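In the numbering used here, each residue's number is its place in the sequence shown (first place is 1) plus 13.
Accompanying notes for the structure given below.
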Amino acid sequence: MFRDNSKVGWSVIFYNFSREIDRKLVVSQMYDDRTIIWCKNEEEMESLLKLHKTVIPGTGGTIVSLIRWSMEEQNRDIKIECRSSWMGVEGLPLNLWNIKFMGKIGEMCGGLLDVEKDTAEKTFLHHLRLKLGGDEDGFVPKSIRLHYQGSELFLKIFKLNDWGYIFNGFFNTIWHQDSEFYKNEEAIQKRRSDGVEIEDGLNAFGS
């Protein structure tokens, strides 16, 4: 599933989409602009694919696209959430660490808003740290290409704060990696309601 903008978080999208289709979604995060929905069977998958593109209520008009997974779709035009955000840029040769080329990067990413001090002074050389505007939908591409003297430069863009990839809030969504935990927890609650004493069912999953 793809979203067309980053104005609202995935948790809000999942919550309202779950209510709209009257079922819980089992999902795994992938990238900022896409996620995987795990279906119980082929029938459930086909019913979701029929929606194709749909506006999610309660999200300010956010549109999601539901597409069958493939390797091509998984890696096609990956975007990263960016709204006047500090981003890392990797792959620019040291001789091009100047405002001209930083400006070119900005032109492809919604504008260059600022340059971090260590980047400007070249005291940290692993990657550039630039504040980028992002496009009108709140994204920048995961990678860009620049040309210099007949050579093509491949630059990788990434979030300086990796926690930005984590979805916040459960709402009506079950995370795929946690689904076994909840199945176990439900079984424990049922056994307790039947009067069976359980020492500590959660220990099965470690602490």
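A virtual CB, placed ideally from N, CA and C, is assigned to each residue, including glycine.
This one's a predicted model, so the numbers in the text were calculated from it and none came from an experiment.
Beta-carbon separation of residue 45 and residue 19 under 8 Å? With respect to residue 19, residue 45 sits close: the two C-beta atoms are nearer than 8 Å.
Please give me, in chain order, every unbroken run of the beta strand (DSSP E) with length at least 3 that falls completely inside the region 100–141. 125–128
Where residue 142 and residue 132 are concerned, what is the direct C-alpha to C-alpha distance, given to the nearest angstrom? So the alpha carbons of these two residues sit roughly 6 Å apart.
Can you pull the DSSP bridge partners for residue 154? 92
Measuring only the C-alpha atoms, how far is residue 88 from residue 36? A straight-line Cα-Cα distance of about 28 Å links residue 88 and residue 36.
Return the CA-CA distance between residue 195 and residue 119, expressed in angstroms with no decimal places. For residue 195, the pLDDT reaches just 45, beneath the cut-off of 50, and the residue's location in the model is therefore unreliable, leaving the point undetermined.
State the CB to CB distance for the pair residue 97 and residue 146, rounded to an integer number of angstroms; the pair is presumed to be in contact (CB under 8 Å). 6 Å
Enclosing beta strand (DSSP E) for residue 51 [first to last residue]: Per DSSP, residue 51 belongs to the beta strand (DSSP E) from 47–51.
When we look at the beta-carbon of residue 221 and count the other beta-carbons within 10 Å, is it buried (16 or more) or exposed? With the chain covering only 14 through 220, there is no way to say anything about residue 221.
Under a Cβ-count criterion, where at least 16 other Cβ atoms within 10 Å of its own Cβ denotes burial, should residue 151 be classed as buried or exposed? buried
Cα separation between residue 77 and residue 106? 38 Å
What number of angstroms, rounded off, separates the C-alpha of residue 39 from the C-alpha of residue 70? Distance from the CA of residue 39 to the CA of residue 70, rounded to the nearest whole angstrom, comes to 19 Å.
Among 54, 169, 81, 75, which residue has its Cα nearest to the Cα of residue 63? 81
Pull the bridge partners of residue 15 from the DSSP assignment, please. 47, 78
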